[in-house]
Amino acid sequence: MLEKSNIMSGTNFTLGMEFILLGFSDLPNLQGFLFGVFLVIYMCILIGNGLIIVITKVHPALQTPMYFFLGNFSFVEICYTSVTLPRILMNLLTQNQHISVVACAVQLRFFLILVVTECLLLTVMAYDRYVAICKPLYYQVIMNHKFCVQLVIGSWITGIPVVIGQTYQIFSLPFCGSNKLNRVFCDMLPVVKLTCGDTFVNQLSVYADAVLFALVPFLLILASYVKIILTILKLSSATGRHKLFSTCSSHLIVVNLFFGSGFIVYFRPKSNHSEELNKVFSLFYSIAIVTPMVNPMIYSLRNKDFIEAMRKLFSKCIGKE
């Protein structure tokens with residue numbers, strides 16, 4: 001690692017530099033406990049979302065666009081979490097908080113790509129519910145398999161050029177001052193703050209990307225649900241209204257959890273305690289303690305078709321044994 005004098009000089013030592021992820025360094029006596037907690041969380045995320053992927057693939061009753069998107073969403077959740085949590089577990093286990101600038105850049109790049117993918121997939125899922133409820137007669141025509149695959153591929157690749165350009169722009173700059181990141185992973189805003197000179201343009205581009213790939217999808221989801229709610233309220237049957245609302249409730253909960261924590265990290269007004277609070281919220285937002293872990297529970301416990309498919313799958317597995 002570079003000496004402090006070299007880092008302070010402002011010379012571009014990027015390739016040989018290391019960051020220090022402060023993470024939970026202020027809780028030295030809880031490192032083992034935190035390792036156990038995050039390991040359990042990670043295993044729950046892998047098993048829960050993996051189960052969703054398997055069930056939506058093999059059960060005939062779940063071969064619909066809604067469950068096709070759900071299976072892909074669960075796969076993104078697994079990838080999304082795997083970008084940050086294994087590194088956090090390794091740091092807690094080895095007590096080594098150093099991360100090279102290359103490793104940091106790679107982690108940030110994949111993290112941002114998956115964040116954009118998740119935002120866009122949530123938007124696609126909202127559009128699917130909009131077509132199903134507001135245009136039911138055209139649902140099979142509009143949401144055909146080819147179009148669904150195109151939507152998923154588009155969600156994966158749309159943000160890649162922008163993210164690669166953004167991370168290259170940031171890591172091509174020299175770093176100066178402290179090399180300490182008050183995070184448990186390499187997040188964009190803390191990294192930008194360590195760069196030398198006027199970082200206004202870089203910070204502005206970060207917020208512009210947040211608007212483009214987070215705020216705009218959120219507004220599209222909001223618009224979809226405004227139309228969905230207006231359509232449902234026109235129904236005369238209370239049972240029909242309840243059934244349609246229930247098909248959207250799981251997705252709405254996930255949207256609120258994901259976008260809520262993200263907006264708090266990037267758009268919350270600054271305060272004296274903003275760094276510590278941002279670390280907490282980025283933890284929820286990034287390693288996905290909230291969304292990926294509760295996603296299987298939200299979709300399984302609130303969906304009768306999914307519960308039935310799970311019951312049949314378990315019965316078949318037990319029967320084979």
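For the sequence shown, this note's numbering assigns the number 1 to the initial residue and increments by one for each residue that follows.
Backbone N, C-alpha and C define an ideal beta-carbon position, used for all residues, glycine too.
Please report how far the alpha carbon of residue i lies from the alpha carbon of residue j, in whole angstroms.
{"i": "R326", "j": "G240", "result": "In the structure as shown, the chain starts at 1 and stops at 321, and residue 326 therefore has no counterpart that could be examined."}
{"i": "K234", "j": "P136", "result": "15 Å"}
{"i": "V58", "j": "S82", "result": "24 Å"}
{"i": "I88", "j": "V184", "result": "7 Å"}
{"i": "F75", "j": "L46", "result": "9 Å"}
{"i": "A309", "j": "F258", "result": "26 Å"}
{"i": "F69", "j": "V124", "result": "8 Å"}
{"i": "N144", "j": "D305", "result": "21 Å"}
{"i": "F213", "j": "L120", "result": "8 Å"}
{"i": "N409", "j": "S172", "result": "This structure gives no information on residue 409, because the portion of the chain shown stretches from 1 to 321."}
{"i": "L215", "j": "G262", "result": "10 Å"}
{"i": "K180", "j": "L21", "result": "6 Å"}
{"i": "L230", "j": "A210", "result": "29 Å"}
{"i": "S246", "j": "A238", "result": "12 Å"}
{"i": "M17", "j": "Q31", "result": "26 Å"}
{"i": "L204", "j": "L151", "result": "29 Å"}
{"i": "V101", "j": "P28", "result": "25 Å"}
{"i": "V37", "j": "Q95", "result": "16 Å"}
{"i": "L62", "j": "G260", "result": "29 Å"}
{"i": "Q166", "j": "C79", "result": "21 Å"}
{"i": "L307", "j": "F35", "result": "Going by the sequence as given, residue 307 is Ile instead of Leu. Taking the straight line from one Cα to the other gives about 32 Å."}
{"i": "V226", "j": "L313", "result": "36 Å"}
{"i": "A303", "j": "H242", "result": "Looking at the sequence itself, residue 303 is Asn, so the reference to Ala does not match. Going by the C-alpha atoms only, they are around 13 Å apart."}
Going by the C-beta, is residue i closer than 7 Å to any heavy atom of the ligand ZN?
{"i": "I153", "result": "Absence of the ligand ZN is noted for the structure shown, with no ligands found whatsoever."}
Specify, as a first and last residue, the run of the alpha helix (DSSP H) that residue i falls within.
{"i": "L151", "result": "H145 to I157"}
{"i": "F69", "result": "P65 to T94"}
{"i": "S205", "result": "F200 to A210"}
{"i": "S100", "result": "Counting along the chain, S100 falls outside any alpha helix (DSSP H), though it belongs to the beta strand (DSSP E) covering H98 to S100."}
{"i": "P217", "result": "V216 to L233"}
{"i": "Y139", "result": "Y139 to I142"}
DSSP has residue i in a bridge; who is on the other side?
{"i": "F35", "result": "Paired residues: none, contrary to the question."}
{"i": "E308", "result": "The partner list for E308 (beta bridge, DSSP) is empty, contrary to what the question assumes."}
{"i": "F314", "result": "In the DSSP output, where bridge partners are listed per residue, F314 has none listed."}
{"i": "L181", "result": "L21"}
{"i": "T195", "result": "F175"}
Within its chain, find whatever has a CB closer than 8 Å to the CB of residue i; leave out the 5 residues flanking it on each side and keep chain order.
{"i": "V255", "result": "L122, A126, F218 and I221"}
{"i": "P86", "result": "Y42"}
{"i": "Q97", "result": "I20, L21, L22, G23, S25 and N91"}
{"i": "H251", "result": "L122, M125, A126 and R129"}
List the endpoints of the continuous beta strand (DSSP E) containing residue i.
{"i": "L21", "result": "E18 to L21"}
Less than 6 Å between C-beta atoms, sequence neighbours within five positions excluded: which residues of the same chain meet that for residue i?
{"i": "N272", "result": "For N272, the predicted model reports a pLDDT of 47, less than 50, meaning its position is unreliable and no value from the coordinates is stated."}
{"i": "T117", "result": "V76, S155 and W156"}
{"i": "K146", "result": "none"}
{"i": "C186", "result": "C104, Q107 and L108"}
{"i": "G139", "result": "Note on residue identity: the sequence assigns Tyr, not Gly, to residue 139. So the list reads V131 and A132, once near-sequence residues are dropped."}
{"i": "P190", "result": "L181 and R183"}
{"i": "A208", "result": "none"}
{"i": "L194", "result": "F175"}
Who are the near neighbours of residue i in its chain, counting only those whose CB is closer than 7 Å to its CB and skipping five residues on each side?
{"i": "I228", "result": "R129, Y130, I133, C134 and C248"}
{"i": "C44", "result": "M293"}
{"i": "G71", "result": "I52, I53, T56 and K57"}
{"i": "P296", "result": "G48, N49, L51 and I52"}
{"i": "P65", "result": "D128, M143 and C148"}
{"i": "I113", "result": "G159, I160 and V163"}
Are the C-beta atoms of residue i and some chain B residue less than 8 Å apart?
{"i": "V131", "result": "Although the question refers to chain B, the structure presented lacks it and comprises just one protein chain."}
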